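Worksheet: the structure to be examined is printed underneath.
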Amino acid sequence: MVDVSEASDTELVARVLAGERDAYAGLVARYRDRLGRYAVRMLGNRSDAEDALQETFVRGYRSLGRCTDPDRFGAWLFGILVNRCRTLGAQRGRRERVHVADESALQRAATRDDPVGRQALREAIGAALARLAPTLREAFLLKFVEEMSYEEMATMTGASVPALKMRVSRARAELRQILSEADHA
Amino acid sequence: MRDHDREIDQAIALLREPVAMDHTLDARVMAEIAHVPAPRRLGPVGRAGLWLVRPRPVRVPPVAILAAAAALVLAVVRPWGGIADQPAPEAVPTFTAFAGNVRPTRFMLVAPAASAVTLVGDFNDWTADSTPMTTDASGGLWSVTIPLEPGRYRYAFLVDGEIWTPDPGAPRAVDDDFGRPNSVLTIGGL
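Residue numbers (my numbering), protein chains in the order written: chain A, 8 to 192; chain B, 19 to 208.
And the structure:
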């Protein structure tokens with residue numbers, strides 16, 4: 008068994024690389040929910056998010072020897088997840104599907120101070136995110152939800168810092184526009 | 019008229035709320051990796067080759083877009099053919115010491131107007147700055163040699179940190195990421 012609460016990432020990575028396959032369970036348990044949040048927000052549903060997450064952990068295991076800084080295993084794994092979400096998002100045409108499913112969410116979000124309104128807002132922002140181009144949604148989530156620096160985002164996405172700043176700005180402007188449209192619906 | 023910036027801030031706060039994923043995912047992952055070869059730390063020779071893949075900041079010159087647009091991608095020179103199952107003869111002398119099934123594989127791109135070119139692919143988890151390419155004396159031929167085990171790899175070149183460029187001398191991968199065109203390389207077993 009792996010003591011998740013005690014072992015550091017570096018220790019767990021070392022144990023896996025030494026042949027202790029079960030030690031990887033500790034890393035999976037540690038990062039399941041942290042990475043899951045991004046996958047759910049990016050892909051818009053738990054089913055696709057779980058697929059992306061599972062592929063990410065398996066790819067992470069297969070490539071673990073290339074993780075040159077085990078101290079930053081989480082960030083390294085996150086980079087794989089970002090890529091898997093891109094692939095799954097493109098393959099499954101999720102954007103249209105989610106948008107149709109949540110078409111009326113923005114209107115239902117009119118009252119936001121009660122639990123129902125709060126849930127409606129949660130659905131509304133999901134629907135609004137789904138209407139963004141994947142690159143804009145990705146930039147918005149990495150910047151505002153995962154709270155990464157632009158330099159970290161550049162490393163993850165391969166885009167330049169100026170390009171990412173533009174995407175974040177556009178994402179925010181488009182979300183503002185979507186909310187405005189909902190006001191006038 | 020609502021304060022939409024305030025609404026977006028509220029939405030961000032909601033999006034930051036933790037998400038509890040299904041714990042059975044752990045078992046599914048562990049069951050799947052039971053069939054995956056155990057990962058190995060790179061040996062001394064492989065570590066020596068890590069200078070090829072060490073991280074570095076992505077260079078983004080102010081005129082990156084113009085320069086990248088002007089980059090003339092003439093051709094990819096892969097001496098051993100489009101789908102490599104043999105390493106390039108001229109690349110071998112430097113890397114003959116790689117152990118086991120690992121093969122030195124050289125990637126090349128002719129892009130005389132580019133300021134920086136990096137190699138991204140399955141082998142480096144599509145990390146933009148982990149495999150920088152270097153130019154020859156003419157400045158037009160960018161290349162990098164990395165150790166790869168037999169297998170199928172998808173890859174592309176990133177010119178000036180902006181332009182995603184598939185290998186014009188290799189087949190396209192059908193499972194492109196995010197709609198971006200990638201190439202595919204198959205390295206046969208020994």
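For every residue, glycine included, the Cβ atom is placed at its ideal position computed from N, Cα and C.
Computed from a prediction, not measured in an experiment: that's the story for all the values here.
- Per the coordinates, the alpha-carbon of leucine 136 of chain A lies some 9 Å from the alpha-carbon of isoleucine 185 of chain A.
- Between alanine 188 of chain B and the set B:Arg172, B:Trp182, B:Leu176 and B:Val177, the nearest pair of CA atoms involves B:Arg172.
- Around the CB of threonine 149 of chain B, 16 or more other CB atoms lie within 10 Å, so the residue is classed as buried.
- A distance below 8 Å separates the beta carbons of tyrosine 45 of chain A and leucine 148 of chain A.
- Separation of serine 167 of chain A and phenylalanine 141 of chain B (C-alpha to C-alpha, rounded to the nearest whole angstrom) is 21 Å.
- In summary, glycine 26 of chain A is exposed, with fewer than 16 beta-carbon neighbours lying within 10 Å of its beta-carbon over all protein chains present.
- For phenylalanine 125 of chain B, the uninterrupted beta strand (DSSP E) segment begins and ends at 121 to 128.
- If you look at leucine 143 of chain A, you'll find it in the alpha helix (DSSP H) that goes 141 to 147.
- Nearest CB-CB separation between alanine 134 of chain B and chain A: not below the 8 Å threshold.
- Spanning the alpha carbons of valine 37 of chain B and glycine 133 of chain A requires a straight line of approximately 14 Å.
- Counting the other CB atoms within 10 Å of its CB gives proline 199 of chain B a total below 16, which places it among the exposed residues.
- Between the beta-carbon of threonine 123 of chain B and that of leucine 159 of chain B there is about 16 Å, and that puts the pair past the 8 Å contact cut.
- Identification of chain B residues near glutamate 57 of chain A by a Cβ-Cβ cut-off of 8 Å yields Met39, Asp40 and Leu43, ordered along the chain.
- With its beta carbon less than 8 Å from one in chain A, isoleucine 30 of chain B belongs to the interface.
- The continuous stretches of alpha helix (DSSP H) do not include alanine 174 of chain B, which lies in the beta strand (DSSP E) extending over residues 169 to 177.
- Taking a cut-off of 8 Å for Cβ pairs, the stretch 15 to 23 of chain A and the stretch 19 to 35 of chain B do not touch, as fewer than three such pairs fall below it.
- Here isoleucine 181 of chain B is bridged, per DSSP, to B:Val177.
- Within the DSSP bridge table, the entry for glycine 139 of chain B names B:Tyr173 as partners.
- Taking 8 Å as the CB threshold, glutamate 167 of chain B stays off the interface with chain A.
- In the three-state reduction of the DSSP assignment, proline 189 of chain B falls in the coil class, being assigned neither a helical nor a strand state.
- Using a Cβ distance threshold of 8 Å, phenylalanine 125 of chain B and serine 161 of chain B count as a contacting pair.
- Taking the Cα positions, valine 35 of chain A is about 13 Å away from glutamate 50 of chain B.
- Gly165, Ala166, Ser167, Val168, Pro169, Ala170, Arg179 and Leu182: these are the residues of the stretch 165 to 182 of chain A whose beta carbon lies less than 8 Å from some beta carbon of chain B, given in chain order.
- Under DSSP, tryptophan 83 of chain A forms no beta bridge with any residue.
- Under the 8 Å criterion on CB atoms, proline 36 of chain B is classed as interfacial with respect to chain A.
- By alpha-carbon distance to leucine 182 of chain A, the top candidate from A:Tyr157, A:Leu128, A:Gly165 and A:Leu71 is A:Leu128.
- Only Phe141, Asn142, Asp143, Trp144, Thr145, Ala146, Asp147 and Ser148 from the stretch 141 to 155 of chain B bring a Cβ to less than 9 Å from some Cβ of chain A.
- Under the three-pair Cβ rule at 8 Å, the stretch 131 to 139 of chain B counts as touching the stretch 167 to 186 of chain B.
- Contact with chain A is found for arginine 46 of chain B, since one of that chain's Cβ atoms lies less than 8 Å from the residue's Cβ.
- The beta-carbon separation of isoleucine 26 of chain B and arginine 179 of chain A, rounded to 6 Å, stays under the 8 Å limit for a contact.
- Bridge pairing for proline 165 of chain B: B:Pro122 [DSSP].
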